[in-house]
Amino acid sequence: MTPELYFPTRDNYREQMRTLVDQGFRMCCDLCVVDYLTYPQRILPEGVIPERFELVVNLLNLDEVKRAKVRVQIPYPNPQIDSIYSVFPGVEAMEREAFDMFGIIFNGHPDLTRILMPDDWEGFPLRKDYDVGAVPVQFK
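Numbering-wise (numbering that gives the first Met the number 0), the sequence shown opens with residue 0 and increments by one.
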C-alpha cells in the first residue's frame, strides 16, 4: 500500500495534521528526523524548498486501511517546529527523541527534555556533523 504524501510548511504543519485526523488518520505510528547535510540536492516536489532537516511523520487510517506520510522541511540553524502533542498525544516520546538526537525544538511540547542521553550531554549525536568520539570501555 503506497502512502499518501504531504509536504506542509512549518507554518501549517499542525493544521495539516488536524486535517488528516479529520480524514481518519488517527494513529501516528512514527515520527523521526532525517539530516540531509551531505545530500542537499535531493528530489522534492515542485515548490518544496529543501532544508537540512526533514521531519517525517507516518500516520494510519485503520478504518479505510490507508497510510499517510508527512514530510516537513526544517531549516538550520533554527531547527524549530510546532509540536503535534495536542493532536497526537502518543508523539510525546518521539518528539523528545528527535530533540535529544537532532536538536529539533518542538514548540508547545509539554516536557522537551533529553530522553536517551544524560542531561549534561553536549551536542546531538545523530547529526551528520557530530564528532565521532570514543567512550573508553573497561573490560574485566
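From the three backbone atoms N, C-alpha and C, an ideal C-beta is built for every residue, glycine too. Predicted, not measured: the structure shown is a model, and the values here were computed from it.
In this structure, DSSP gives Met116 a state outside helix and strand, which the three-state scheme calls coil. In the DSSP assignment, the residues bridged to Arg70 are Val55. Straight across, the Cα-Cα distance linking Pro124 with Glu3 is about 31 Å. Counting only the Cα atoms, Phe105 lies some 14 Å from Gly89. Secondary structure note for Glu3: it is in no alpha helix (DSSP H), and the uninterrupted beta strand (DSSP E) holding it is 3-5.
The beta carbons of Pro78 and Ile103 sit about 5 Å from each other, so the pair counts as a contact at 8 Å. Taking C-alpha positions only, Trp120 is separated from Val131 by approximately 14 Å.
Under the DSSP assignment, Phe105 falls in the beta strand (DSSP E) whose first and last residues are 104-106.
By alpha-carbon distance to Thr1, the top candidate from Val64, Phe101, Ser85, Leu43 is Val64. By the neighbour-count criterion, in which a residue is buried when 16 or more other Cβ atoms sit within 10 angstroms of its Cβ, Phe87 is buried.
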